[in-house]
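To convert a position in the sequence shown, counted from 1, into the numbering used here, add 279.
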Amino acid sequence: MDTAAGAAERSTASAPVPTTVRSTNNETGTNVQEVGVDEPDVVKVAGDKLFLIRDNVLTAYDVAGDEPQQLSSLQLPDLRNGEILVSGDRVVVLGSRGGPDDTNGARVVVIDVSQPGTPQIVEETDYTATISAARLHGDVVRVVLDNGLPVLDFRYPDGQLGERSALTFNRQLVRDTTLADWLPTVDGETVVDCDDVALPTMETALGTTTVVTFEPAVVEPTATAVATTATTSYFSPDRFYLAASASSGGWWRGDISSTIDCIRGCFPTDGSTELFAFALDGTDTTYVASGTVEGRIKDRWSMDHAGGALRVALGATNETGNFNSVVTMRETDATLTEIGRVDKLGVNEEIKSVRWFDDLAIVVTFRQTDPLYAIDLTDPDAPELMGELKIPGYSEYLHPLGARRMIGIGRDASRTGMVRGAQAALFDVTDLTDPQQLDVVTYPQELHGRRRRRPAPVHPAARSAYGPHRRLPGLAGPHRLGVGADPGRRLDVQQDGRGGVRRRGGRGPARAARRRPGRAGDRGRCLVLRLGVLSRSPMEGMRSG
Numbered sequence: 280m281d282t283a284a285g286a287a288e289r290s291t292a293s294a295p296v297p298t299t300v301r302s303t304n305n306e307t308g309t310n311v312q313e314v315g316v317d318e319p320d321v322v323k324v325a326g327d328k329l330f331l332i333r334d335n336v337l338t339a340y341d342v343a344g345d346e347p348q349q350l351s352s353l354q355l356p357d358l359r360n361g362e363i364l365v366s367g368d369r370v371v372v373l374g375s376r377g378g379p380d381d382t383n384g385a386r387v388v389v390i391d392v393s394q395p396g397t398p399q400i401v402e403e404t405d406y407t408a409t410i411s412a413a414r415l416h417g418d419v420v421r422v423v424l425d426n427g428l429p430v431l432d433f434r435y436p437d438g439q440l441g442e443r444s445a446l447t448f449n450r451q452l453v454r455d456t457t458l459a460d461w462l463p464t465v466d467g468e469t470v471v472d473c474d475d476v477a478l479p480t481m482e483t484a485l486g487t488t489t490v491v492t493f494e495p496a497v498v499e500p501t502a503t504a505v506a507t508t509a510t511t512s513y514f515s516p517d518r519f520y521l522a523a524s525a526s527s528g529g530w531w532r533g534d535i536s537s538t539i540d541c542i543r544g545c546f547p548t549d550g551s552t553e554l555f556a557f558a559l560d561g562t563d564t565t566y567v568a569s570g571t572v573e574g575r576i577k578d579r580w581s582m583d584h585a586g587g588a589l590r591v592a593l594g595a596t597n598e599t600g601n602f603n604s605v606v607t608m609r610e611t612d613a614t615l616t617e618i619g620r621v622d623k624l625g626v627n628e629e630i631k632s633v634r635w636f637d638d639l640a641i642v643v644t645f646r647q648t649d650p651l652y653a654i655d656l657t658d659p660d661a662p663e664l665m666g667e668l669k670i671p672g673y674s675e676y677l678h679p680l681g682a683r684r685m686i687g688i689g690r691d692a693s694r695t696g697m698v699r700g701a702q703a704a705l706f707d708v709t710d711l712t713d714p715q716q717l718d719v720v721t722y723p724q725e726l727h728g729r730r731r732r733r734p735a736p737v738h739p740a741a742r743s744a745y746g747p748h749r750r751l752p753g754l755a756g757p758h759r760l761g762v763g764a765d766p767g768r769r770l771d772v773q774q775d776g777r778g779g780v781r782r783r784g785g786r787g788p789a790r791a792a793r794r795r796p797g798r799a800g801d802r803g804r805c806l807v808l809r810l811g812v813l814s815r816s817p818m819e820g821m822r823s824g
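Structural data, given as C-alpha cells:
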C-alpha cells in the first residue's frame with residue numbers, strides 16, 4: 280500500500296487522475312446511488328407530471344405552469360409505507376400489506392397513468408414476504424423479496440421432554456413443511472420454481488432472497504432466488520449483489536436435514552461476509568458467482584461495481600485486524616475472487632460513510648476525529664491510498680458538487696470525540712492527495728428538560744434537490760430531504776462563492792467556521808437539506824450509514 284506522499288508523486292505522471300465526477304440525481308428527482316438505476320421514492324417527476332404518495336393515497340399533479348395543479352387522487356386500501364417508481368405511463372407502488380396495526384407481507388400495485396386525471400389500477404400483487412429493495416433499470420422493475428425461516432412450533436427439552444425427543448419432534452416438523460413454507464407465494468402459489476433457487480456452497484444464514492422482475496407495461500413477472508437471507512443488496516446498471524453474514528454454526532451445519540439441531544437458537548456471525556452476484560440483462564436476472572470476504576459490509580453504500588470489478592468497503596470483525604479496508608473482487612468462472620486491497624484505514628475506528636466514483640473511493644471513519652480517505656481505484660488490481668484528512672466530527676452521507684467540491688452531512692464532535700449535534704461540511708477535493716475542509720455549518724444538540732437529545736441518524740439515501748423548486752399544497756418545502764433531528768427544522772445550505780457554505784433560513788441556531796478561499800466557477804450551486812426525523816425507506820432493508 281502506498282503512502283499519501285507516494286500517491287502525490289504519481290499525480291504528476293501521465294496516468295489518469297481519479298475525479299469525483301460520477302454520481303448525480305436522476306431525471307425523476309430522486310438522489311440515486313447509480314446513474315441509470317432509479318430507486319423508489321415518495322415523490323417522482325415524469326416530464327410535466329409529478330406523482331406523490333402519502334400514506335395510502337397516490338396524487339398526481341401537473342407542474343408545467345407556475346403553480347402545481349392537482350389532477351387526481353387515488354386511494355390504495357390496505358397499503359402501508361408506500362413508495363413509487365415511474366416507467367412510461369405506469370406508476371409502480373411498492374409497500375407493506377395490512378392495516379395500521381397489522382402488516383402481513385408486501386404489496387405491489389401497477390397503475391396506468393396515461394390519463395393522469397383518471398388513473399386505473401391494472402395489477403395488484405400480494406407477496407408472503409417483505410420487500411428489502413427495488414430498482415428500475417430502463418423499463419424493467421426488479422423487486423427483492425426476503426423470506427426468513429418459516430414459523431414452526433419447535434419443542435425444547437424440559438421436564439417432560441428430553442433432548443432426543445425434542446430433536447425427533449422438530450425434525451418431523453421440518454419434513455412436513457412444503458416449498459410454500461420456505462419460498463414467497465402469491466395466492467398460495469410459489470413465486471419462484473425450485474430449479475431457479477441457487478444453493479450457496481458455503482455456510483450462510485437460512486432463508487430465501489428472491490428477485491422478481493417485470494416490465495410495468497406487460498406485468499409478466501419472472502423470478503430467481505438464492506437460499507439465504509441477505510442483510511444488504513446493491514444494484515449497478517448490469518449487476519446485482521447480495522451480502523449475507525455467514526453463520527458460525529447452529530442452524531446451518533452443511534446439511535439441511537440437520538439444521539434443526541440448533542434447538543436453543545443461533546449464534547453470532549463468524550466475521551465473514553458472503554457475496555452473491557447476479558447478471559442483469561433486460562428482464563433476465565441470472566445468478567453468476569459467489570464468494571467470501573473477511574470483514575463486515577455496513578450497508579449498500581459500501582458496495583460498488585465499475586470496470587468489471589466489485590469494490591467493497593469492509594469494517595473490522597474478529598476475522599480481520601483492528602482496521603477497515605477497501606477490497607476489489609472480480610468474477611472468475613463462478614467465484615468472486617479478491618484481486619486487490621487497501622488496509623489500515625481508520626485503525627480502531629468505524630466506517631461512517633463511503634462514496635464511490637469510476638476510479639475513486641472516498642471513505643470516512645470515526646472514533647475521536649473524522650479521517651476522510653481518498654482511494655485510487657484506477658487499477659482495480661492495485662488500489663492505493665492517495666490522501667487523507669483528519670477533522671473533528673464525521674460525515675454519514677457524502678454528496679459530490681461537481682468535480683471539485685463535496686458536501687458531507689453528519690455529526691459535529693469535539694476533539695475528544697464527543698458528539699455535539701448535526702453538521703454540514705464542504706470539502707475541496709481538487710487535489711485528492713491533500714483534501715481540505717473549506718467550511719462547516721453546525722447545529723448544536725437541543726436540550727429537552729435536563730437531558731440532551733440524541734441526534735437521529737443520517738439516512739444514507741438522503742434526498743437532495745438543486746436550484747429552484749416548486750412547493751406542493753400541504754408540503755412544507757422540499758419533501759423528505761436530508762437528515763434528521765427535529766421534524767420542524769430545515770437546513771438550507773448554499774455554497775456562497777467564497778468557498779464557504781451558509782445557512783438559508785429554517786428554525787434553530789447555526790454557526791459557521793473554518794472558511795477558506797473558493798473558486799468562482801462553483802458559485803451559486805445550492806443543496807437543500809432538511810433536518811428532520813427521516814423515516815428509513817421501507818424499500819431498503821438496511822441501517823443508515
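Glycine included, C-beta positions come from ideal geometry on N, C-alpha and C.
All figures in this text were calculated on a predicted structure; none of them were measured in a lab.
Go through its chain and collect everything with a Cβ distance to residue i's Cβ below 6 Å, but skip five positions before and after it.
| i | result |
| --- | --- |
| residue 324 | 307 and 308 |
| residue 698 | 690 and 692 |
| residue 331 | 322 and 338 |
| residue 403 | 388 |
| residue 709 | 683 |
For residue i, which residues from the same chain have a beta carbon less than 8 Å from its beta carbon, with the 5 sequence-adjacent residues on both sides left out?
| i | result |
| --- | --- |
| residue 499 | 493 |
| residue 344 | none |
| residue 618 | 588, 607, 608, 609, 659 and 660 |
| residue 328 | 339, 340, 341, 342, 350, 392 and 395 |
| residue 496 | 366, 367, 368, 369 and 418 |
For residue i, tell me which candidate among the options has the shortest Cα-Cα distance.
| i | options | result |
| --- | --- | --- |
| residue 616 | 638, 599 and 570 | 570 |
| residue 667 | 448, 346, 654 and 435 | 654 |
| residue 669 | 440, 471, 447 and 695 | 695 |
| residue 700 | 711, 688, 554 and 707 | 688 |
| residue 471 | 446, 480, 407 and 514 | 407 |
| residue 398 | 372, 410, 360 and 351 | 351 |
| residue 414 | 461, 396, 518 and 657 | 518 |
| residue 321 | 327, 314 and 338 | 338 |
| residue 597 | 631, 574, 475 and 524 | 574 |
| residue 557 | 563, 550 and 567 | 567 |
| residue 431 | 425, 445 and 449 | 449 |
| residue 311 | 721, 720, 676 and 716 | 676 |
| residue 422 | 594, 680, 652 and 372 | 372 |
| residue 562 | 600, 721 and 416 | 416 |
| residue 642 | 486, 678 and 363 | 678 |
| residue 576 | 586, 614 and 513 | 513 |
| residue 638 | 630, 646, 663 and 629 | 663 |
| residue 475 | 593, 374, 715 and 564 | 564 |
Give me the Cβ distance between residue i and residue j, rounded to the nearest whole Å; I'm assuming they're in contact under 8 Å.
| i | j | result |
| --- | --- | --- |
| residue 369 | residue 392 | 7 Å |
| residue 633 | residue 581 | 5 Å |
| residue 401 | residue 410 | So it is not a contact: roughly 19 Å between Cβ atoms. |
| residue 644 | residue 625 | 3 Å |
| residue 458 | residue 488 | Contact doesn't hold; Cβ gap of about 15 Å is too wide. |
| residue 297 | residue 602 | Going by Cβ atoms, the distance from residue 297 to residue 602 rounds to 22 Å, so no, they are not a contact pair. |
| residue 429 | residue 447 | Not confirmed; about 19 Å, so no contact. |
On the three-state DSSP scale, how would you describe residue i?
| i | result |
| --- | --- |
| residue 808 | The predicted position of residue 808 is uncertain, since its pLDDT is 39 and thus under 50; a value taken from the coordinates is nonetheless stated next. Note: residue 808 maps to strand in three-state DSSP. |
| residue 677 | strand |
| residue 408 | coil |
| residue 790 | In this prediction, residue 790 has a pLDDT of 41, which is less than 50 and means its spatial position is unreliable; what the coordinates show is noted afterwards. Reduced to three states, the DSSP call for residue 790 is strand. |
| residue 297 | coil |
| residue 449 | helix |
| residue 437 | coil |
| residue 693 | coil |
| residue 460 | helix |
| residue 474 | helix |
| residue 782 | For residue 782, the pLDDT reaches just 48, beneath the cut-off of 50, and the residue's location in the model is therefore unreliable, leaving the point undetermined. |
| residue 575 | strand |
| residue 525 | Because residue 525 sits at a pLDDT of 44, beneath the cut-off of 50, its placement in the model cannot be relied upon, and the point is left open. |
| residue 699 | strand |
| residue 829 | Here the chain covers residues 280 to 824 and nothing more, so residue 829 does not appear. |
Looking only at its chain, what residues have a beta carbon closer than 7 Å to the beta carbon of residue i, apart from the 5 residues adjacent to it on each side?
| i | result |
| --- | --- |
| residue 354 | 335 and 336 |
| residue 478 | 506 |
| residue 464 | 407 and 470 |
| residue 524 | 484, 510, 548 and 552 |
Under the criterion of a Cβ to heavy atom distance below 7 Å, does residue i qualify as lining the ligand ATP?
| i | result |
| --- | --- |
| residue 510 | The ligand ATP is not part of the structure shown, which contains no ligands of any sort. |
Would residue i pass as an interface residue toward chain C - the criterion being a Cβ-Cβ separation below 8 Å?
| i | result |
| --- | --- |
| residue 633 | Included in the structure is just one protein chain, with no chain C present. |
Review point. Taking only runs of the beta strand (DSSP E) that begin and end inside the stretch 350-397, which ones reach a length of at least 3 residues, in chain order?
Key: Fully enclosed beta strand (DSSP E) runs of 3 or longer: 358-366, 369-378 and 381-391.
Check your understanding: Which whole runs of the beta strand (DSSP E) in the stretch 483-516 are 3 residues long or more, in chain order?
Key -> 487-493, 501-505 and 511-514, all fully within the stretch 483-516.
Practice item. Mind listing, in chain order, the continuous beta strand (DSSP E) runs of no fewer than 3 residues lying wholly within the stretch 597-674? Key: If one requires a minimum length of 3 residues, the beta strand (DSSP E) runs lying completely within the stretch 597-674 are 603-611, 614-624, 629-636, 639-645, 648-655 and 663-671, in chain order.
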